[in-house]
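This report refers to the structure that appears directly beneath it.
Numbering (my numbering), first residue to last: 676 to 1030.
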């Protein structure tokens, strides 16, 4: 166990300044591997130990108390969710003698912190997730609700997403306790090294259930126009981003009068949320971090985001200019990303109507 802790704690306090989720040579964070697997340092980016000085407490201390409450059987009391696991199941997730390893992702935009409960052999048994700040509980609650709904709509995906063991309010904070997924992170390097792993994730995206249908104009105005407006606001005049936003509006205009599917949407299908494991030559996919999920998403959103991520990975693109070039190449006529996107939506969206 000391070795596992050292692999992470040696990097505490070295979070990144960039809001982009990019890899650095030798960068490290946590991967959840092999069920109650060993801690690995291969997610890219550097985790940070976090002291919430504004609250006057250490987050590590809070997470430790969560573990104590689970083992005592008192975590069942809550104000907003229910513990879906039995008391025995919860205690197995935080076994006697376990320690909690507190991780703050080194991404500026990350709103959450994680507590990994490690047993005496340094295996990760469960993951606790809470907001950095007490008042910002929307993401935690949204993740719990999304995971519960997803397994109702698509029980065949149950093993590829975290199991919600408990979603509770503890000491004034909302906490989500989840099972551990099997797999190694789909990093940029792994995309380049193992195309089959990326293909497995693309197939997983296609298996997400459709939760309904809506008028195209409603979907565009609700889910597409707001981010395009934000791009317009942040990009200076003449920036290629503005041109891309404008071209997108023109391209989807014919879809306004059509009825389109509303697929279940993860919302952030990219590194470091993707895990791929191999079992005797067969690949299985695990997807974590569901705080941006929507039951009624936009058709093609997750697939387009994933194809953009793999395009950046294959091109080793870092920085907006390089990523822009990689995106243009991937989604131009005949580009790899465009072909994959078109094939993925061929049965659900009338792509021949898009300009």
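We put the CB at the ideal spot given by N, CA and C, even for glycine.
Check your understanding: residue 873 by DSSP, collapsed to three states: which one?
Key -> helix
**Study point:** Heavy atom of the ligand FMN within 7 Å of residue 878 beta-carbon
**Key:** The ligand FMN is absent from the structure shown, which contains no ligands of any kind.
**Study point:** DSSP-derived helix/strand/coil call for residue 845
**Key:** strand
**Study point:** Outcome for residue 988 when other beta-carbon atoms lying within 10 angstroms are tallied against a minimum of 16
**Key:** buried
Check your understanding: Under the rule that 16 or more other beta-carbon atoms within 10 Å means buried, what is residue 902, buried or exposed?
Key -> exposed
Check your understanding: Does the Cβ of residue 798 have 16 or more other Cβ atoms within 10 Å, making it buried, or fewer, making it exposed?
Key -> buried
Point to revise | Assigned exposure category for residue 977 - 16 Cβ within 10 Å defines buried | key: buried
Review point. So does the region 836 to 855 actually touch the region 797 to 812, counting three or more Cβ pairs closer than 8 Å?
Key: yes
Check your understanding: Taking DSSP as the reference, what is the three-state secondary structure of residue 786?
Key -> coil
Point to revise | Inter-residue spacing [alpha-carbon to alpha-carbon] between residue 836 and residue 822 | key: 7 Å
Point to revise | Identified DSSP bridge partners for residue 777 | key: 790
Review point. Tell me which same chain residues have a C-beta within less than 8 Å of the C-beta of residue 975, skipping the five on either side of it?
Key: 1016, 1019, 1020 and 1024
Review point. Counting pairs of beta carbons, one from the region 858 to 873 and one from the region 919 to 932, are three or more of them closer than 8 Å?
Key: no
Point to revise | Inter-residue CB distance, residue 786 and residue 811 (contact presumed, cutoff 8 Å) | key: 6 Å
Check your understanding: Which residues in the same chain have their Cβ closer than 7 Å to the Cβ of residue 1001, if we skip the five residues on either side of it in sequence?
Key -> 986, 987, 990 and 992
Exercise for review: Could you pull out every residue in the same chain whose Cβ sits closer than 7 Å to the Cβ of residue 910, ignoring the five residues on either side in sequence?
Suggested key: 916 and 917
Check your understanding: Based on Cα-Cα distance, which residue from 928, 875 and 883 lies nearest to residue 895?
Key -> 928
Review point. With a Cβ-Cβ cutoff of 8 Å, do residue 938 and residue 883 count as a contact?
Key: yes
**Study point:** Residues near residue 794 by beta carbon distance below 6 Å, same chain, minus five either side
**Key:** 770, 773 and 800
Practice item. Use the C-beta contact count for residue 1012: other C-beta atoms within 10 angstroms, 16 or more gives buried, fewer gives exposed. Key: buried
Exercise for review: Sort 859, 819, 814 and 885 by Cα distance to residue 828 and report the nearest one.
Suggested key: 885
**Study point:** Inter-residue CB distance, residue 950 and residue 875 (contact presumed, cutoff 8 Å)
**Key:** That pair is no contact at about 11 Å.
Check your understanding: Does DSSP classify residue 930 as helix, strand or coil?
Key -> helix
Practice item. Please confirm whether residue 905 and residue 942 have their CB atoms less than 8 Å apart. Key: no
Point to revise | residue 769, DSSP secondary structure in three states | key: coil
Check your understanding: Which partner residues does residue 938 have in the DSSP bridge list?
Key -> 885
Practice item. Would you decide whether residue 721 is buried or exposed? Buried here means 16 or more other CB atoms lie within 10 Å of its CB. Key: Confidence at residue 721 is low in this model, with a pLDDT of 38, below 50, so its placement is unreliable and no value can be given for it.
Check your understanding: Taking residue 907 as the reference, which of 891, 892 and 924 has the closest Cα?
Key -> 924
Practice item. With a threshold of 16 other CB atoms inside 10 Å of the CB of residue 747, please say whether the residue is buried or exposed. Key: exposed
Practice item. Using beta-carbon positions only, say whether residue 858 and residue 961 come within less than 8 Å of one another. Key: yes
**Study point:** Burial state of residue 972 (16 or more Cβ within 10 Å)
**Key:** buried
Check your understanding: If we ignore side chains and look at the alpha-carbon of each, how far apart do residue 933 and residue 926 end up?
Key -> 14 Å
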